[in-house]
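Enquirer: Can you read through this structure? Questions will come right after.
Protein chains in written order, with full-length UniProt numbering: chain A, 1 to 371; chain B, 1 to 371.
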């Protein structure tokens, strides 16, 4: 298969796989696609370890790293000395009533406190300029082929630094206007992400959004949101995209380190079991719908806080839930396509099927058209 | 182009166009597609007039009629003598606080009362078994090729009556489970309708839903929701559909009798200007987002009533708004694809472009695949 994207990045198939798991990233790249490691949960030191592992296991194939540098967030204008200083200042902005709501919710489900292993550094994650930049620095010391950014156009100097190393830059867009702004700062590939996608997402569906983004920019576009099999890959390319960006389908592959309970929940879920919610980070993200997301929509909810305050508010709670028996509160980012994920498979087999089904879908169009 | 659907119905292109306007229906069918008249707003007598007009203007090409027989609605179990009796019984079920909320909303926007031309028969529309059946009887007296039903599987005897006349039956589904139930009652074509569609709609996007429905049933499937140009048509067919069902793109064609203000609003809208709301009928429907839909989501809102009570509550208000200057309250069913409708065009030209762009999209896939 050949598009501007396969030429640009030297890959065999225009299939991009976002995953927080290095094993999945390396397996996708080895199978001819482009694995992209989500750096969000890693400190700079941890990220260094992960990327070193990928370098050793990717057989020289290209791979990418995804960071989150939101264009806007609470505290972006604070004059701070360090990430630790920023965390302290931001903690002071969280209302007591919100902390009480979270505590009451957990108490109502019998979730015990942690046994004293709080990690203040992790409550902010890579959701600010101050925390994401060190991740970018680590990433650019490795032979990555692609640096992707969610939540808006990356800062112009980050784009420049990537280009200076020969690294291409991608950014996620959920409106044609986002896409135009991203190309203005030098982004090489726009990921047009429909509302059905997991994680941070907009309102417009993939079917409607992709052609609008393709018409708005000159750079290649990837279709994201709802891409799970080769028919959806063919659909994405028919819409004008030059590749597809996938995420949720890798949550339940053999190589993924997804917790067992979460994996079982994915295999059982239908496509109606997700919801766009601000309850994770303060910006709308599609999550598994459950009693956690419902609670934040209920009449008792104090409302969510802006990014990054909401995650600072809930990060410890989410860790406590993860270690408890309260599976009914354990949510995570997931797209509507999880309804099509029915068994655990090897990453290589999922890649193979994507390509084979794509070819079948194209041959079907040939027959319909009488070509 | 050839699919099971073009063979079944004797049409040249597997393009279905839902419209409340007879001129659009006839123009689509004459151009080789399948126009489908939405019967909802018509009394049996009015529907007779519309279908007679189509018979005279469709040059013998096949066309269809769409009715609404919801599987469930308030009052479905009432033992009534007549539609008029049903209306009276249902009126008694509308709380006074809801009537006051609507009156206050209109007063706040300076909307005057009607000048005494209330039409009790129209407050119920074709949203019940009692009101839709006479529409079906009228439709089956005309040479229609297709009877479509929204909001659930049609009653088995209606399917039988249609089949006895050689008329095929289609039904809209927003989950694979809906689709299976429809096929069980004898439906010939399932319209898999994604959340981005205008009017009554579910939560799952077209990209995710269509393959799931295709895998769930043996009958041909049409892709609906977000279909506006030939790229989206190619995408729908790549997903496994054997045709596409369109709606919102016909609101602003030359032949449509859409009010001038609504047409201008459509041409100006982006794909973010719609919202799924119960404020029109009591069941979730995608509407133009404005101060009307916002008001029903506000903290002052008493909440919406179940179908058909909500429309009974708001129908006069919507007519009053339509005749007033309060354009900020005038909503109507519209899908996300209205963001791609930028000028008024002839129905025939839209049909021609759909087919031409479809062929271009397929040729693009040929080049990508190296075929």
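We put the CB at the ideal spot given by N, CA and C, even for glycine.
Treat the numbers as computed from the prediction; the structure is a model and nothing was measured.
Let me check understanding here. Comparing Cα to Cα, which of 333(A), 239(A) and 302(A) lies closest to residue 100(A)?
Expert: Residue 100(A) has its Cα closest to that of 302(A), out of 333(A), 239(A) and 302(A).
Enquirer: By the 8 Å beta-carbon criterion, what residues does the stretch 215-232 of chain A contribute toward chain B?
Expert: Answer set for the stretch 215-232 of chain A: 225, 226, 227, 228, 229, 231 and 232.
Enquirer: Only counting the same chain, and skipping five residues up and downstream in sequence, which positions put a Cβ closer than 7 Å to that of residue 252(A)?
Expert: Taken in chain order, the residues that qualify are 258, 263, 266, 267, 341 and 344.
Enquirer: Taking only beta-carbon atoms, is residue 34(A) less than 7 Å away from chain B?
Expert: Residue 34(A) does not count as touching chain B.
Enquirer: Which residues, taken in chain order from the stretch 1-15 of chain B, show a beta carbon closer than 7 Å to some beta carbon of chain A?
Expert: Against chain A - using a Cβ distance shorter than 7 Å - the residues of the stretch 1-15 of chain B are 1, 2 and 3.
Enquirer: If you follow the beta strand (DSSP E) that residue 101(B) is in, where does it begin and where does it stop?
Expert: Looking at the DSSP string, residue 101(B) is not in any beta strand (DSSP E); the run it does join, the alpha helix (DSSP H), is 96-108.
Enquirer: Using a Cβ-Cβ cutoff of less than 6 Å, which residues in the same chain neighbour residue 224(B) once the five nearest sequence positions on both sides are dropped?
Expert: Same-chain partners within the cutoff: 191, 193, 197 and 245.
Enquirer: Do the CB positions of residue 162(A) and residue 187(A) come within less than 7 Å of each other?
Expert: The answer is no: Cβ separation not under 7 Å.
Enquirer: Considering just the uninterrupted stretch of the beta strand (DSSP E) at residue 276(B), what are its terminal residues?
Expert: Taken as a continuous stretch (DSSP letters only), the beta strand (DSSP E) holding residue 276(B) covers 274-277.
Enquirer: Determine the contact status of residue 209(B) and residue 235(A), defining contact as a CB-CB distance below 7 Å.
Expert: For residue 209(B) and residue 235(A), no; Cβs fall outside 7 Å.
Enquirer: Going by DSSP in three states, residue 280(B) sits in which element: helix, strand or coil?
Expert: Residue 280(B) falls in the coil class under three-state DSSP.
Enquirer: At what residues does the beta strand (DSSP E) containing residue 18(B) begin and finish?
Expert: First-last of the beta strand (DSSP E) with residue 18(B): 15-19.
Enquirer: Decide if the stretch 55-70 of chain B is in contact with the stretch 127-135 of chain B; the criterion is three or more beta carbon pairs, one per stretch, under 8 Å apart.
Expert: Counting Cβ pairs under 8 Å, three or more are found: they touch.
Enquirer: Hey, would you say residue 33(A) sits closer than 7 Å to residue 15(A), going by beta carbons?
Expert: Yes. Within cutoff.
Enquirer: How many Å lie between residue 229(B) and residue 142(A) at the Cα?
Expert: If I take the Cα positions, the gap works out to 43 Å.
Enquirer: Within this structure, are the beta carbons of residue 261(A) and residue 292(A) separated by less than 7 Å?
Expert: Cβ distance not < 7 Å, so residue 261(A) and residue 292(A) don't count as in contact.
Enquirer: For residue 248(B), collect the residues of the same chain with a Cβ closer than 6 Å to its Cβ; drop the 5 residues on either side in sequence, then sort them by chain order.
Expert: 198, 334, 335, 337 and 338, listed in sequence order.
Enquirer: Are at least three pairs of beta-carbons, each pair with one atom in the stretch 304-312 of chain B and one in the stretch 72-79 of chain B, less than 8 Å apart?
Expert: Flag = yes, the stretch 304-312 of chain B and the stretch 72-79 of chain B touch.
Enquirer: Can you pull the chain A neighbours of residue 196(B), defined as C-beta to C-beta under 7 Å?
Expert: Correct list: 205, 207 and 208.
Enquirer: What in chain B is Cβ-close to residue 271(A), meaning under 9 Å?
Expert: Chain B residues near residue 271(A): 175, 176, 203, 204, 205, 208, 209 and 212.
Enquirer: Are the beta-carbon atoms belonging to residue 206(B) and residue 207(A) less than 7 Å from one another?
Expert: A contact, by the Cβ cut-off of 7 Å.
Enquirer: Would residue 281(B) count as contacting chain A if we go by Cβ distances under 7 Å?
Expert: Judged by the 7 Å Cβ criterion, residue 281(B) is not in contact with chain A.
Enquirer: Taking 8 Å as the cut-off, does the stretch 99-114 of chain B touch the stretch 1-10 of chain B (at least 3 CB pairs, one atom from each stretch)?
Expert: Result no; under three Cβ-Cβ pairs closer than 8 Å.
Enquirer: Please name the residue in 145(A), 11(A) and 27(A) whose C-alpha comes closest to that of residue 349(A).
Expert: Closest by alpha carbon: 27(A).
Enquirer: Taking the alpha helix (DSSP H) that residue 348(A) belongs to, which residues open and close that run?
Expert: Looking at the DSSP string, the run of the alpha helix (DSSP H) that includes residue 348(A) is 347-369.
Enquirer: Rounded to a whole number of angstroms, what is the C-alpha to C-alpha distance between residue 277(A) and residue 60(B)?
Expert: One C-alpha to the other measures close to 51 Å.
Enquirer: Just list the beta strand (DSSP E) runs in the stretch 237-302 of chain A, keeping only unbroken ones of 3 residues or longer that don't cross its boundaries, in chain order.
Expert: Those beta strand (DSSP E) runs which fall completely within the stretch 237-302 of chain A and span 3+ residues are 243-246, 274-277 and 285-288.
Enquirer: From the DSSP output, in three-state form, read off residue 200(B) for me.
Expert: Looking at residue 200(B) - three-state DSSP - the assignment turns out to be strand.
Enquirer: Using DSSP's beta-bridge definition, name the partner residues of residue 152(A).
Expert: BP columns for residue 152(A) are empty, so no partner.
Enquirer: How should residue 128(B) be labelled, buried or exposed, when 16 other C-beta atoms within 10 angstroms of its C-beta is the threshold for buried?
Expert: It counts as buried.
Enquirer: For residue 361(A) versus residue 106(A), is the C-beta distance shorter than 7 Å?
Expert: The answer is no: Cβ separation not under 7 Å.
Enquirer: Taking 7 Å as the threshold (beta carbon to beta carbon), is residue 239(A) in contact with chain B?
Expert: Chain B contact via Cβ: present.
Enquirer: Taking Cβ-Cβ distances below 7 Å as the criterion, which residues of the stretch 87-109 of chain A are in contact with chain B?
Expert: Those would be none; no residue qualifies.
Enquirer: List, in chain order, every chain A residue whose beta-carbon is nearer than 7 Å to that of residue 337(B).
Expert: Simply 208.
Enquirer: Does chain B have any CB closer than 7 Å to the CB of residue 368(A)?
Expert: Residue 368(A) counts as touching chain B.
Enquirer: Against chain B, with Cβ distances strictly below 7 Å, would residue 172(A) count as a contact?
Expert: No, residue 172(A) does not count as interfacial toward chain B.
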